[in-house]
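Report on the following structure.
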Amino acid sequence: MTDLVETARARFTELYGRAPQGIWSAPGRVNLIGEHTDYNDGFVFLFAIDRRTVAALALRDDRTVRLTSSFTDEIVETTLADLGPGGAHGWQNYPLGVAWALSQSGLGQLGADLDAVPGFDLYLDSDVPVGAGLSSSAAIESAVAVALNDVWRLDLDRNALVKAGHIAENEVVGAPTGILDQSASLLGRLDCGIFIDCRSLERDVIPLGFDEAGLEVLVMDTKVEHEHAAGGYAARRASCEAGARELGVESLREVSISDLPRAREVLDGETFRRVRHVVTENQRVLDTVRTLREQGPRAIGDLMDASHRSLRDDFEVSVPQLDLAVEISQNYGAIGARMTGGGFGGSAIALVPRELISHVEAAVDGAFAEHGYAQPDLFAVVPSDGARRDE
Ligand code: ADP
Ligand code: MG
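Rendered as structure tokens:
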């Protein structure tokens, strides 16, 4: 982390010929439990990780905005007047989208008057892997949001910054996503998870106790990218909507475990299984939070395992590589394991005693080789602090 901050300072100075005014950073995130529950008004429980995007920034005395990143050789140059939807495409839409969202044009009266604030020079660096399901996009949005909130003296609270990232991603980048990732990146706390009620948007910071229990989370990126991921996701959403309609409720959030026998009578077999996943997953999120409080983190493994079985058998969004990563990690000492993210590829996670991490890694690597699967990317993460000013 210090390395990233130091490198960003040095690169900024080299590129722009002066020192940055400050350096800010924000983490990626992992979803601990609660999959495909968000668009059903349900519960999600995720945490910020110790992989971060840093933003080195200095204000200018004109209205120009210049930005670049360790990801690219280009320096993008624009002006505050040219921000907003329908502009350029590419990586710069994440930071520029946040700048726009923080302005009046983006968020109503939320933040800066773009006519009144100065432009800036920005340099980004990151050790959040891109496209591994760890939300490098929320990390970049949140790092830029806290930076601009400081230098533009907007004095916005973290909820407003969550909104800014959400608006940037939806309206400027054009990716229809919720507020979960930005919430974790901005509200995360060391060794804590963020519980989110997607209906009320209430958020709670819940101690995980992983550190004291000697636990880390092994991320197992299968590198599988499925061509039907988008279609599969849309089909699952449609099944959930159809299930809710047939059961006469606004969303599956309103269906509880005790309603399932009736649901089985009313729904066709496939829709029933989709509904059963969402209903039981919501309950598992609540049970995870309660179990953490009452029994500690070593007791939540069964809930993670059950989440994976439900995603595999009822929601049918797993792939053989995810199943293998989960199974091998369980066999080699994980307390619990599950696929994480939307499925059809991507990553699985395993809750593993610190001293067994390399043992589990070797076992998963070996099993993937044996099956002729591409080598997975394996790395441990710990629940970490959200966005902050580093210097
Ligand atoms: P993820 O699951 O990692 O969030 P996304 O597709 O939502 O995947 O976001 C990844 C995109 O975010 C990248 O393609 C790139 O455009 C942008 N991005 C992320 N981190 C950086 C960075 N440090 N510098 C420039 N662009 C970045
Ligand atoms: Mg993303």
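Here the sequence shown is numbered in the numbering used here, starting from 303 and rising by one per residue. Think of the CB as a built atom: it goes at the ideal place given N, C-alpha and C, for glycine as much as any other residue.
Boundaries (first-last residue) of the alpha helix (DSSP H) holding residue i
i: P397; result: N395 to A403
i: P509; result: Not the alpha helix (DSSP H): P509 falls in the beta strand (DSSP E), residues R505 to P509.
i: F574; result: G571 to Q597
i: T315; result: T304 to Y318
i: A608; result: G603 to R611
i: E443; result: S438 to V453
i: A462; result: R460 to I469
i: E629; result: P622 to N633
i: D616; result: Run containing D616: none; DSSP gives neither H nor E here.
i: P563; result: L562 to V568
i: S686; result: Run containing S686: none; DSSP gives neither H nor E here.
i: A434; result: It is not in any alpha helix (DSSP H) - A434 carries neither H nor E in the DSSP assignment.
i: A390; result: From DSSP, A390 is part of no alpha helix (DSSP H); its letter is neither H nor E.
i: A486; result: L482 to L489
Residue range of the beta strand (DSSP E) that includes residue i
i: R640; result: G638 to M641
i: A682; result: D679 to V683
i: E556; result: Premise fails: E556 is in no beta strand (DSSP E) and is neither H nor E.
Beta-bridge pairing of residue i - partner residues as DSSP gives them
i: F347; result: I335 and F497
i: P655; result: L517
i: G647; result: E527
i: G324; result: L359
i: F716; result: Lying before the first or after the last residue shown, residue 716 is absent from the chain, which here runs from 303 to 693.
i: F373; result: The partner list for F373 (beta bridge, DSSP) is empty, contrary to what the question assumes.
i: F422; result: L361 and V367
i: S428; result: T355
i: M522; result: A650 and L680
i: T380; result: V367
i: R691; result: W326
Integer-rounded CB distance, given that residue j should sit under 8 Å from residue i
i: D687; j: V356; result: Not quite, the Cβ-Cβ distance comes to about 14 Å (not below 8 Å), so this is no contact.
i: V619; j: C500; result: Contact flag wrong, Cβ pair sits at about 18 Å.
i: V453; j: L517; result: Incorrect: roughly 38 Å between the Cβ atoms, too far for contact.
i: L653; j: G635; result: That belief does not hold up - the Cβ atoms of L653 and G635 are roughly 10 Å apart, past 8 Å.
i: P397; j: L369; result: 6 Å
i: R354; j: A441; result: 6 Å
i: S428; j: S438; result: 6 Å
i: L613; j: M641; result: 6 Å
i: A676; j: K525; result: 5 Å
i: V519; j: V683; result: 5 Å
i: L359; j: D457; result: Contact doesn't hold; Cβ gap of about 17 Å is too wide.
i: R365; j: P420; result: 7 Å
i: V621; j: V332; result: Not a contact, Cβ separation roughly 19 Å.
i: L569; j: V557; result: So it is not a contact: roughly 11 Å between Cβ atoms.
i: D679; j: D483; result: Rounded, the Cβ-Cβ distance is 20 Å, inconsistent with contact.
i: S631; j: V666; result: 6 Å
i: S660; j: G435; result: Going by Cβ atoms, the distance from S660 to G435 rounds to 22 Å, so no, they are not a contact pair.
i: D352; j: R555; result: The Cβ separation is near 32 Å, so there is no contact.
i: L426; j: S371; result: 4 Å
Below-8 Å beta-carbon distance, residue i vs any chain D residue
i: H610; result: Protein chain content of the structure displayed is limited to a single chain, and chain D is not contained in it.
Task: Chain-ordered list of residues that sit, by beta carbon, closer than 7 Å to a heavy atom of the ligand MG - done: After applying the 7 Å Cβ criterion, the set is S437, S438, S439, A440, A477, T479 and D483.
Task: Segment contact flag, the stretch 323 to 343 with the stretch 446 to 459, C-beta cutoff 8 Å, min 3 pairs - done: Contact holds: three or more Cβ-Cβ distances are below 8 Å.
TODO: Determine contact between the stretch 482 to 499 and the stretch 615 to 631, defined as no fewer than three beta-carbon pairs at a distance below 8 Å.
DONE: With a cut-off of 8 Å on Cβ pairs, the stretch 482 to 499 is not in contact with the stretch 615 to 631, counting fewer than three such pairs.
Open item on the list: If contact is defined by three or more beta carbon pairs under 8 Å, each pair taking one atom from either stretch, is the stretch 553 to 563 in contact with the stretch 574 to 581?
Closed with: Taking 8 Å as the limit for Cβ pairs, the verdict is that the stretch 553 to 563 does touch the stretch 574 to 581.
Open item on the list: Check whether the stretch 568 to 577 and the stretch 589 to 602 touch, using three or more Cβ-Cβ pairs below 8 Å as the test.
Closed with: Contact fails: fewer than three Cβ-Cβ distances are below 8 Å.
- [ ] Count the C-beta pairs between the stretch 458 to 475 and the stretch 398 to 406 that are closer than 8 Å, then say yes if the count reaches three, no if not.
- [x] Output reads yes: the stretch 398 to 406 touches the stretch 458 to 475.
Open item on the list: Tell me whether the stretch 335 to 355 and the stretch 641 to 659 touch, counting them as touching only if at least three CB pairs, one residue from each stretch, are closer than 8 Å.
Closed with: Contact between the stretch 335 to 355 and the stretch 641 to 659 is present, because at least three Cβ pairs lie under 8 Å.
Open item on the list: I'd like to know if the stretch 662 to 673 and the stretch 502 to 515 are in contact, where contact means that at least 3 CB-CB pairs between them fall below 8 Å.
Closed with: Cβ pair count under 8 Å is below three, so no.
Task: Given 8 Å, three or more beta-carbon pairs between the stretch 304 to 319 and the stretch 526 to 533 - done: Output reads no: the stretch 526 to 533 does not touch the stretch 304 to 319.
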